[in-house]
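Encoded as structure tokens, the structure appears first; notes follow it.
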Amino acid sequence: MNRELPKSPEGAPPLTVQVWGRGALFTRPELKVERVTYPVMTPTAAIGVLEAIFWKPEFGWRPVAIDVLEPIHQFTQKRNETTDLIMLEDAVKHETTVDSPGNRTQRNSICLRDVAYRIHAHVELREHATKPEAAYRDQFRRRVERGQCFHQPYLGTREFSAHFGPADDSEPQPITDDLGIMLHSVHYGEKSSSFSWFTARLESGRMHIPRTGINAGVPVEA
């Protein structure tokens, strides 16, 4: 599959890692009342997983594609947003309600159940990098093989922890669908943040990610 994807400046194919978990919530930022997940992992979530496994200030991660390896299934959980977190093991079985006397604000969250993805990404060196690209690639591969990470990766939100390991050759799900406008990246400033977006599409279970998105604010919920 790597032959279909862009190579690095040094001519290397993208690095790959497989991630999976019991649930995920890749929140759509334009929806304020409920927390609603995108149907697949977002580029920002992929970067979060990669940085949890291996990060250095000398480089940044650029995801180029995400493969969907399990069918897309959603479930709903109702919980208090401020303090109470329900057990995922209970939530994935049915709608679960949290009722705590000291907390009054409850919101629905529409999440994903039993997910697995294969992330394809490049290491992009920064100007002050002291090693060649290949050195950082090798370090990442070793950490994946050993199961090493700086902190536990998660799938959108911290309550949905992610397992990871070397990528296998399993075929993506046979899904082709337009996913609409998806968050590409968030640019943090001293006083405010800006967002960039792209038109996401699954082609035979693979979502290609452009190098850059279109800068805009957060869309207004219809």
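When the count follows the numbering used here, it moves up by one through the sequence shown with no breaks and lands on 244 for the last residue.
The C-beta atom is built at its ideal place from N, Cα and C for all residues, glycine as well.
Rounded to whole angstroms, what is the Cα-Cα separation between residue i and residue j?
i      : j      : result
GLU26  : GLN128 : 45 Å
GLU168 : ASP89  : The amino acid at residue 168 is misidentified as Glu; the sequence shows Arg. For ARG168 and ASP89, the distance between alpha carbons rounds to 22 Å.
HIS144 : ALA46  : 24 Å
PHE97  : ALA68  : 21 Å
MET204 : THR221 : 6 Å
HIS209 : SER216 : 5 Å
THR64  : GLU212 : 24 Å
GLY308 : GLY33  : In the structure as shown, the chain starts at 23 and stops at 244, and residue 308 therefore has no counterpart that could be examined.
LYS78  : THR152 : 11 Å
GLN170 : PRO154 : 22 Å
GLY303 : LYS29  : Not covered by the structure: residue 303. The range shown for the chain is 23 to 244.
ARG180 : PRO31  : 34 Å
Considering only the alpha carbon of each residue, which of the options lies closest to residue i?
i      : options                        : result
VAL86  : MET229, ALA151, PHE76, PHE182  : MET229
GLY70  : PHE172, SER216, PHE217         : PHE172
GLU146 : ALA156, ARG165, GLU193, ASP200 : ALA156
LEU134 : GLN40, VAL62, VAL208, ALA143   : VAL62
THR36  : ASP200, ALA238, ILE231         : Correcting the residue type first, residue 36 is Pro in the shown sequence and not Thr. Closest by alpha carbon: ILE231.
ARG223 : TYR60, THR66, GLU193, ALA138   : TYR60
GLN161 : LYS54, PHE81, GLN174           : PHE81
LEU72  : HIS185, ARG233, ASP190, GLY235 : HIS185
ALA189 : GLY202, ASP200, ARG163         : ARG163
ARG233 : THR66, ARG84, ARG180           : ARG84
I'd like the list of long-range same chain contacts for residue i, defined as Cβ closer than 6 Å, with 5 residues on each side in sequence excluded.
i      : result
ARG165 : ILE75, PHE76
ARG57  : THR49, SER131
LEU110 : Since pLDDT at LEU110 reaches only 48, below the 50 mark, its modelled position is unreliable, and the value read off the structure follows with that caveat. Correct list, in chain order: ARG44, GLY45.
THR119 : Low local confidence applies: a pLDDT of 47 at THR119 is under 50, so the model's placement there is unreliable, and no value is given.
HIS142 : LEU27, PRO36, THR38, VAL86, ALA87
GLN174 : SER183
ILE197 : LEU224, GLY227
ASP200 : ARG223
For my contact list, residue i and residue j are in at a C-beta cut-off of 8 Å; report their separation, rounded to the angstrom.
i      : j      : result
PHE48  : GLY178 : 4 Å
SER214 : SER207 : Actually they do not touch by this definition, with Cβ atoms about 15 Å apart.
VAL41  : TYR139 : 5 Å
Spatial neighbours of residue i within its chain, please: C-beta separation below 8 Å, excluding the five flanking residues on both sides.
i      : result
GLN195 : VAL90, LEU91, GLU92, PRO93, ILE94, GLY227
PHE182 : GLY43, ARG44, GLY45, ALA46, LEU47, LEU110, CYS133, TYR176
VAL114 : Reliability of the predicted coordinates at VAL114 is poor, the pLDDT of 47 falling under 50, and no value is obtained from them.
ARG148 : PRO79, GLU80, PHE81, GLY82
So, is the C-beta of residue i closer than 8 Å to a C-beta in chain C?
i      : result
PHE172 : Looking for chain C here will not work: only one protein chain is present.
Any heavy atom of the ligand MG closer than 7 Å to the Cβ of residue i?
i      : result
ALA189 : The model depicted lacks the ligand MG and carries no ligand whatsoever.
Could you name the residues of the same chain whose beta carbon sits closer than 7 Å to that of residue i, not counting the 5 residues immediately before and after it, in chain order?
i      : result
SER192 : LEU91
ASN237 : SER216, SER218
HIS150 : GLU80
THR66  : LEU205, SER207, VAL208
* Asked: Can you list, in chain order, the stretches of the beta strand (DSSP E) that have 3 or more residues and sit fully within the stretch 167 to 230?
  -> The stretch 167 to 230 contains these whole beta strand (DSSP E) runs: 179 to 183, 185 to 187, 199 to 210, 215 to 225, 228 to 230.
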